[in-house]
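Peer 1: One rule links them: number in our numbering = place in the sequence shown (from 1) + 1.
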Amino acid sequence: MDPSTVLPVESFDLSDGPWVLGRVNSAWRSVTVSSKFLWSTIVILDIPWLVRSGDAPLSITLSVHIKIAHHQRLSDSASRSLFSLLSTQSHRWQSMNLKAHTSIWEDFMQISHSPLHSLHAIVPDDSTLLQIPRICPNVVDLTLRVPKLANYRAFTVSPAHVEMPFLQHLDIKSHHIDFLEAITATRLRSLRFENFSGHSRSCSPLLRFIERSQCSNSLTELDLFWSCDCRDLVAMLSRASSPPYTNSNQRIVPSVLPNLRTLSFLNPEILCDTDVNLILDMVESRIVGQLRHVCLGLVDWDVMRKLKGRLSFLNAFPDVDVELRPALLAGGDYDGGKVVLIWS
Numbered sequence: 002m003d004p005s006t007v008l009p010v011e012s013f014d015l016s017d018g019p020w021v022l023g024r025v026n027s028a029w030r031s032v033t034v035s036s037k038f039l040w041s042t043i044v045i046l047d048i049p050w051l052v053r054s055g056d057a058p059l060s061i062t063l064s065v066h067i068k069i070a071h072h073q074r075l076s077d078s079a080s081r082s083l084f085s086l087l088s089t090q091s092h093r094w095q096s097m098n099l100k101a102h103t104s105i106w107e108d109f110m111q112i113s114h115s116p117l118h119s120l121h122a123i124v125p126d127d128s129t130l131l132q133i134p135r136i137c138p139n140v141v142d143l144t145l146r147v148p149k150l151a152n153y154r155a156f157t158v159s160p161a162h163v164e165m166p167f168l169q170h171l172d173i174k175s176h177h178i179d180f181l182e183a184i185t186a187t188r189l190r191s192l193r194f195e196n197f198s199g200h201s202r203s204c205s206p207l208l209r210f211i212e213r214s215q216c217s218n219s220l221t222e223l224d225l226f227w228s229c230d231c232r233d234l235v236a237m238l239s240r241a242s243s244p245p246y247t248n249s250n251q252r253i254v255p256s257v258l259p260n261l262r263t264l265s266f267l268n269p270e271i272l273c274d275t276d277v278n279l280i281l282d283m284v285e286s287r288i289v290g291q292l293r294h295v296c297l298g299l300v301d302w303d304v305m306r307k308l309k310g311r312l313s314f315l316n317a318f319p320d321v322d323v324e325l326r327p328a329l330l331a332g333g334d335y336d337g338g339k340v341v342l343i344w345s
């Protein structure tokens, strides 16, 4: 029996009807979830909710439609009002998952300082992205995404770098690498950067960031998805603080990221066999150190077949996992999903 035919929806003034009925038993829960009219009245108890939380740190998730290209989004008046209310308690923000349109981000930028430890957000454009360190300098875990179809707005990176002394995990998906030019992060342990502009980029901004932040020793995970000259990447990761080999037992100590344990490099363009072998040479020299997990792509199927023996050799080292991610070409025997081949 449908609970809404027995108990009038109006009897639940605080939108708690679905939650109360759903706890009766599994049969009522099933009917409750499928009874759309029980969910048609929504009341947000803003003030009581914030008051009852006292001075406890707040973990907030706010997801509203973002306008991308010509697609329409919902009116932002209600969401702005809610965010304005939440902003009055910004001194209690601990973690936030925010997917919002431009107007809410304009309000976000009016906050002078936030003690956020964790921020995962989809921002409307790169210029907004670059302003976040100023608002959240003490964040530990930062994940920021700019939609691929977001309108590009010209911006200038401030020559004054924002210090982010507590940042340990940084995950950026953007048109540009300029975000790294805007900050320093001395305790950074994990860096993931996805650049989808399609233009070949130099590793120089990355190297400058590492040297400026003095995080070369702390950074153990590096995940890059961008188009660049592989020789540039290899040159950066092959820098040595000790002289070249004089015998087979001498170990080269890298001066850049000596404690790197995980490396992922995915180039949108297919890597040729020369580039793959060049990178694997660097990987092999680092396996005697800290490097343990490597993923490289995109690689042609024929090149992968040629390198099967070399991958088997590398994966024979204890705790070592080297993967090549193939380009999905027409005619392959696969179901259209992501393919990762590991030979051991």
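Cβ coordinates follow ideal geometry from the N, Cα and C atoms, glycine included. As the structure is a prediction and not an experimental result, all values here were calculated from the model.
Can you tell me the Cα-Cα spacing of R93 and V323, whole angstroms?
Peer 2: Distance between the alpha carbons of R93 and V323 is about 43 Å.
Peer 1: By DSSP, does N196 sit in helix, in strand, or in coil?
Peer 2: Three-state result, N196: strand.
Peer 1: In whole angstroms, what separates the C-alpha of S243 from that of P255?
Peer 2: Only weak support exists for where S243 lies, its pLDDT of 45 falling under 50; the coordinates are left without a value.
Peer 1: With DSSP collapsed to three states, give me the class of V94.
Peer 2: In the sequence as presented, Val is not what sits at residue 94; that position holds Trp. It is a strand residue.
Peer 1: Measuring alpha carbon to alpha carbon, tell me which of K37, F318, E182 ends up nearest S286.
Peer 2: Comparing Cα-Cα distances from S286 to each of K37, F318, E182, the minimum goes to F318.
Peer 1: Going by beta carbon distance, what residues of the same chain come within less than 8 Å of A331, once the five residues before and after it are set aside?
Peer 2: Residue placement at A331 is poorly supported in this model, since its pLDDT is 34, which falls under 50; the coordinates still yield a value, given next. Cβ neighbours of A331 beyond the five flanking positions: none.
Peer 1: Is there at least one Cβ from chain C nearer than 9 Å to A57's Cβ?
Peer 2: Note that chain C does not occur in the displayed structure, where there is just one protein chain.
Peer 1: Report buried or exposed for P49, applying the criterion of at least 16 other Cβ atoms within 10 angstroms of its Cβ.
Peer 2: Under this definition P49 is an exposed residue.
Peer 1: Which residues does DSSP pair with G298 in a beta bridge?
Peer 2: G298 pairs with L267, R326.
Peer 1: So, are the CB atoms of D274 and L308 less than 9 Å apart?
Peer 2: Yes, the Cβ-Cβ distance between D274 and L308 is below 9 Å.
Peer 1: Identify every residue that forms a DSSP beta bridge with F226.
Peer 2: Bridge partners of F226: E195, L267.
Peer 1: For T144, which residues from the same chain have a beta carbon less than 6 Å from its beta carbon, with the 5 sequence-adjacent residues on both sides left out?
Peer 2: H121, D172, listed in sequence order.
Peer 1: Determine whether the beta carbon atoms of T185 and H170 lie at a separation below 9 Å.
Peer 2: Contact: no.
Peer 1: Tell me, to the nearest whole angstrom, how far the beta carbon of N260 is from that of N218; I am working on the premise that it is less than 8 Å.
Peer 2: Sure, about 6 Å apart at Cβ, within 8 Å.
Peer 1: Could you give the DSSP three-state label for R146: helix, strand or coil?
Peer 2: Three-state DSSP puts R146 in a strand.
Peer 1: Run the CB neighbour count on T89, radius 10 Å, all protein chains shown included, and call it buried at 16 or more, exposed below.
Peer 2: T89 should be labelled exposed.
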